[in-house]
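Novice: Pasting a structure below so you can have a look.
Protein chains: 2
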Amino acid sequence: MATIADVASAAGVSRSTVSGVLNGNWDICSQETRIRVLDCALKTGYQRSNAALVLSTGRTNVVAIGCERPDDPHPARMLAAANDLAQSMGFDVILIPLGKHQDVTMYLSQRRADVVMVAKAISLAEDLLDHISAPHQIVIAAGPRAGDTPRRILCSYWHDQTGIRCVLEHLVSLGHTRIAYLAGTRAGMRMTYFQEAAAVFGAEGIALTTEDEDDKMVAGAEMARRTLDMRPRPSALFARTDAIALGALHAVQEAGLRVPEDISIAGYYDFAYSRYLSPSLTSVYTPFTKCALAVLTEALQALKRDPVVSPEPRAIEFPTELRVRGSTGPAPV
Amino acid sequence: MATIADVASAAGVSRSTVSGVLNGNWDICSQETRIRVLDCALKTGYQRSNAALVLSTGRTNVVAIGCERPDDPHPARMLAAANDLAQSMGFDVILIPLGKHQDVTMYLSQRRADVVMVAKAISLAEDLLDHISAPHQIVIAAGPRAGDTPRRILCSYWHDQTGIRCVLEHLVSLGHTRIAYLAGTRAGMRMTYFQEAAAVFGAEGIALTTEDEDDKMVAGAEMARRTLDMRPRPSALFARTDAIALGALHAVQEAGLRVPEDISIAGYYDFAYSRYLSPSLTSVYTPFTKCALAVLTEALQALKRDPVVSPEPRAIEFPTELRVRGSTGPAPV
DNA sequence: CTGTTAGCGCATTCAC
DNA sequence: GTGAATGCGCTAACAG
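Chains as they are written, first to last, in our numbering: chain P, 1 to 333; chain D, 334 to 666.
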């Protein structure tokens, strides 16, 4: 590989001249020198070394995204969009597990990333600030709001609480009074919100969980079947995820019941396929991709500025959106 | 940030001793020195600089994966698995667009990745060998086999030709004689295989394409509707992707026809949700994840060895698998 | 076993 | 305008 020194000697100039020309420093040399340098760079097949650049500048041009289940439809779409954006601005995206705290902080403390974005419950992100080891590093977050909103970082979020309320309001307005929540293994804040919302709208909320949800459809089917045996039977099922809702839909139909005539089903996240199911699935759109792109855009722009000014800490809310479709209908009398 | 020199002076030893200890070089110093060094490293909060490591060793510990549509279920699952594997072995994964040739080669020529894996038609990968710029860099490929099999790299593949034949054989054995292929915008090798297979099994193959498939379900629905107007009408639809099949299923049912009694539908890739559709979708499982993990494992193991010996170039085939479900049935008489 | 030295390739001062 | 010198933090080859 040709180094900057090779280009310099080929062009008969110094390395700093080559460096200046290649970095678009227009007033560093004469026009002829510039052309000669560019020409020699081309001829020698010069490629600047990323490693040396990183060591010298301290900037990695890497965005680390902490995200769970990156192959679920909802995160996958967000990640693809974030990757496109980052690539277009000259950054690489790496995906880091959000399990161990240290795995995430490492990318800050070891200066392995310029930006760390937490794509999960946004309250987790603020602690990361303590691990910043270079002044230009930026921590952002995008995801559902749970608990307190961070005040020291830029973040964007949606309210799961609002999304879940909308579903319950919708179901109750259709006359449903016994509503089951199919939570799967992860009985977190959303289950609490469900119970709250059920109380607010005067419905009886029944939460179901499972031991195992490796296959979310299987888990959904299993939980749905359990509701069918209940007396009185819940007239509406609300699933933590569209995948769970699909499993439930399958099980209900297999049991010979009609959706929504006998039982209504609602999902969450509004996967791309959900509207094409039979019946099409009522679900809540959550703006994961919008949230991520909003904060990521701002962070990357900040890094392009010289000197870097960290984005102003604040929390941006994006609305959720209830999408009523064919899987929910009036409660049977 | 503490550097290796800080640790060295704190421990009263030289930098190479610290380096040796931290790299697990057990026979480089006495037990007491080791402990003292480790202690000082902890106390000073030493974190090794990734940038300096990369510059010094030439190794980036980065795997670049070239992949299209990373948010489609099939690639998304593969990417998540590949990322898990790489992370567990200390590598970061970055996702690069496969569009421009230069975008991919850059990661080799600029030494930005130790491994480049092409996760697409495997014939594309071999050319990348010419852009290797460090002896340890490895190029691998995983994806459908189309055209010649690379002979100079390690790759793994499945035969789309076989997968598609299985579908046609299945449909013909059910009595279907007019079979439509819903190709979407990408009328590539698979469409050719379809025509071939139709000929082999004595069926009439009708290929449909669309201008736009931003939403694959919409595209599938649109193509399916077109087949409904044909006279005689195809009795079976074979979609390029399960997402297209889902759109087709939706459109067919919306038109008041029954699946599979009136029309059979088959998909490709066997998405996780496909078996839970109503009716459950007949599809072909293609071993993308298996292929990727197989070659990636070998590449990463090779990089852990010292000195690095590139994996033996060869092509590993994984079988496709026809999964017959409820969406295909006997042709109507 | 330990310490010294010399790169890795670039950007960024400074003198000229 | 230009070139020489220095630092980024580490590894590795060498000499004690």
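C-beta atoms are modelled at their ideal positions from N, C-alpha and C, and glycine is treated no differently.
Could you give the distance in angstroms between the alpha-carbon of His503(D) and the alpha-carbon of Phe424(D)?
Specialist: Counting from 1 along the second sequence, the entry for residue 503(D) is found at position 170. Counting from 1 along the second sequence, the entry for residue 424(D) is found at position 91. The straight-line gap from Cα to Cα measures roughly 43 angstroms.
Novice: Between which two residues does the alpha helix (DSSP H) holding Phe621(D) run?
Specialist: Position 288 of the second sequence, counted from the start, is the residue given in the question as residue 621(D). Its alpha helix (DSSP H) spans residues Phe621 to Lys637.
Novice: Per DSSP, what kind of secondary structure is Ile263(P) in: helix, strand or coil?
Specialist: Translated into the one-based positions of the first sequence, residue 263(P) becomes position 263. Three-state result, Ile263(P): coil.
Novice: What are the start and end residues of each continuous beta strand (DSSP E) run of 3 or more residues lying completely inside the segment 544-580 of chain D, in chain order?
Specialist: For the segment 544-580 of chain D, whole beta strand (DSSP E) runs of length 3 or above, ordered along the chain, are 569-572.
Novice: So what's Met422(D) in DSSP terms, helix, strand or just coil?
Specialist: Start at 1 with the first residue of the second sequence, and residue 422(D) comes out as number 89. The answer is coil: DSSP assigns Met422(D) none of H, G, I, E or B.
Novice: Does the contact criterion of 3 or more C-beta pairs under 8 angstroms hold for the segment 467-474 of chain D versus the segment 491-508 of chain D?
Specialist: Segments in contact, no.
Novice: What does Met450(D) reach in chain P if we use C-beta pairs closer than 8 angstroms?
Specialist: As a working mapping, residue 450(D) is identified with position 117 in the second sequence. Correct list: empty, because the minimum Cβ distance to chain P is about 15 angstroms.
Novice: Per the DSSP calculation, Met117(P) is bridged to which residue(s)?
Specialist: For this step, residue 117(P) is matched to residue 117 along the first sequence. Answer is Ile65(P) and Ile140(P), bridged to Met117(P).
Novice: Counting only C-beta atoms, is Asn83(P) closer than 8 angstroms to chain D at any point?
Specialist: Start at 1 with the first residue of the first sequence, and residue 83(P) comes out as number 83. With 8 angstroms as the cut-off, Asn83(P) counts as an interface residue toward chain D.
Novice: Hey, is Pro332(P)'s beta-carbon within less than 8 angstroms of any beta-carbon in chain D?
Specialist: Position 332 of the first sequence, counted from the first residue, corresponds to residue 332(P). Pro332(P) does not count as touching chain D.
Novice: Which residues in chain P sit within 8 angstroms of Gln586(D), going by Cβ to Cβ distance?
Specialist: On the second sequence, residue 586(D) is found 253 positions in, with the first residue counted as 1. The answer, in chain order, is Ser278.
Novice: Pick from Glu126(P), Asn61(P), Gln87(P) and Val324(P): whose alpha carbon is nearest that of Ser156(P)?
Specialist: As a first step, residue 156(P) must be located in the first sequence, where it is residue number 156. Of Glu126(P), Asn61(P), Gln87(P) and Val324(P), the residue nearest in Cα terms is Glu126(P).
Novice: Taking 6 angstroms as the limit between beta carbons, can you name the residues of its chain near Val63(P), skipping five residues before and five after?
Specialist: On the first sequence, residue 63(P) is found 63 positions in, with the first residue counted as 1. Ala86, Phe91, Val93 and Val115, listed in sequence order.
Novice: When you compare the CB of Ser442(D) with every CB in chain P, is at least one pair closer than 8 angstroms?
Specialist: Within the second sequence, numbered from 1, the residue matching residue 442(D) stands at position 109. It does; some Cβ of chain P falls within 8 angstroms.
Novice: Could you tell me which of Ala180(P), Thr33(P) and Ala121(P) sits nearest to Ala292(P), measuring between CA atoms?
Specialist: As a working mapping, residue 292(P) is identified with position 292 in the first sequence. Checking every option, the nearest Cα to that of Ala292(P) belongs to Ala121(P).
Novice: So, for Ala131(P): in the same chain, excluding its five sequence neighbours on each side, which residues have a beta-carbon less than 6 angstroms away from its beta-carbon?
Specialist: As a working note, residue 131(P) is residue 131 in the first sequence. In the sequence under discussion, the amino acid at residue 131(P) is His, which differs from the Ala named in the question. Within the same chain, His131(P) has close Cβ partners Thr105, Leu108 and Ser109.
Novice: Provide the residue(s) that pair with Glu32(P) in DSSP beta bridges, ordered along the chain.
Specialist: Taking the first sequence and counting its residues from 1, one reaches residue 32(P) at position 32. None, per the DSSP bridge assignment.
Novice: Let me make sure I understand the geometry here. Which of Met189(P), Ala197(P) and Thr185(P) has the alpha-carbon closest to that of Arg178(P)?
Specialist: The residue you call residue 178(P) lines up with position 178 of the first sequence. Selected option, being the one with the closest Cα: Ala197(P).
Novice: Do the CB positions of Arg258(P) and Arg325(P) come within less than 8 angstroms of each other?
Specialist: Working through the first sequence from its first residue, we reach residue 258(P) at position 258. Working through the first sequence from its first residue, we reach residue 325(P) at position 325. Going by C-beta atoms, Arg258(P) is not nearer than 8 angstroms to Arg325(P).
Novice: On a CA-only basis, which of Gly517(D), Leu386(D) and Val340(D) is nearest Arg367(D)? Give me that one, please.
Specialist: For the purposes of this step, residue 367(D) is identified with residue 34 of the second sequence, where counting begins at 1. It is Val340(D).
Novice: Going by DSSP, which residues form a beta bridge with Glu650(D)?
Specialist: As a position in the second sequence, residue 650(D) is number 317, starting the count at 1. In DSSP, Glu650(D) forms a bridge with Tyr490(D).
Novice: DSSP on Glu126(P), reduced to helix/strand/coil?
Specialist: Counting from 1 along the first sequence, the entry for residue 126(P) is found at position 126. Glu126(P) falls in the helix class under three-state DSSP.
Novice: In the DSSP output, what is Arg112(P) paired with across the bridge?
Specialist: Numbered from its first residue, the first sequence carries residue 112(P) at position 112. BP columns for Arg112(P) are empty, so no partner.
Novice: Residues of chain P with CB under 7 angstroms from Gly399(D), in chain order?
Specialist: For the purposes of this step, residue 399(D) is identified with residue 66 of the second sequence, where counting begins at 1. The premise fails here: Gly399(D) is roughly 12 angstroms from chain P at the closest Cβ pair, so nothing lies under 7 angstroms.
Novice: Alpha carbons only, please: which of Met334(D), Pro665(D), Ala344(D) and Met556(D) is nearest the one belonging to Gly508(D)?
Specialist: As a position in the second sequence, residue 508(D) is number 175, starting the count at 1. Residue Pro665(D) is the option with its Cα nearest to Gly508(D).
Novice: Does the beta-carbon of Asn749(D) have 16 or more other beta-carbons within 10 angstroms, so that it is buried, or is it exposed?
Specialist: For chain D, the structure presents residues 334 to 666; residue 749(D) sits outside this window and is missing.
Novice: Got a sec? Which residues, its chain only, sit under 7 angstroms from Leu386(D) by beta carbon, not counting five neighbours each side?
Specialist: Stepping through the second sequence from its first residue, residue 386(D) is reached at position 53. None.
Novice: Closest Cβ-Cβ distance between Arg558(D) and chain P: below 8 angstroms?
Specialist: Reading the second sequence from its first residue, position 225 is the one you call residue 558(D). No, its Cβ sits nowhere closer than 8 angstroms to a Cβ of chain P.
Novice: Which residue's Cα is closest to the Cα of Tyr273(P): Ser466(D), Asp404(D) and Pro477(D)?
Specialist: On the first sequence, residue 273(P) is found 273 positions in, with the first residue counted as 1. The option with the nearest alpha carbon to Tyr273(P) is Asp404(D).
Novice: Please list the terminal residues of the continuous alpha helix (DSSP H) segment that includes Leu53(P).
Specialist: Position 53 of the first sequence, counted from the first residue, corresponds to residue 53(P). Start and end: Asn50 to Thr57.
Novice: List, in chain order, every chain P residue whose beta-carbon is nearer than 8 angstroms to that of Asp603(D).
Specialist: Position 270 of the second sequence holds residue 603(D). Simply none; closest approach about 13 angstroms.
Novice: Could you check the C-alpha separation between Gly205(P) and Arg478(D) for me, to the nearest Å?
Specialist: Numbered from 1 along the first sequence, position 205 holds the residue referred to as residue 205(P). Numbered from 1 along the second sequence, position 145 holds the residue referred to as residue 478(D). Straight-line Cα distance between these residues: approximately 52 angstroms.
Novice: Is it buried or exposed, Asn358(D), if we count other Cβ atoms within 10 angstroms and call 16 or more buried?
Specialist: What you label residue 358(D) is simply residue 25 of the second sequence in a count that begins at 1. So Asn358(D) ends up on the exposed side.
Novice: Tell me which residues share the same chain as Ile28(P) and place their Cβ nearer than 6 angstroms to its Cβ, disregarding the 5 neighbours each side in the sequence.
Specialist: Here residue 28(P) is taken as the residue at index 28 of the first sequence, counted from 1. Result list for Ile28(P): Gly20, in chain order.
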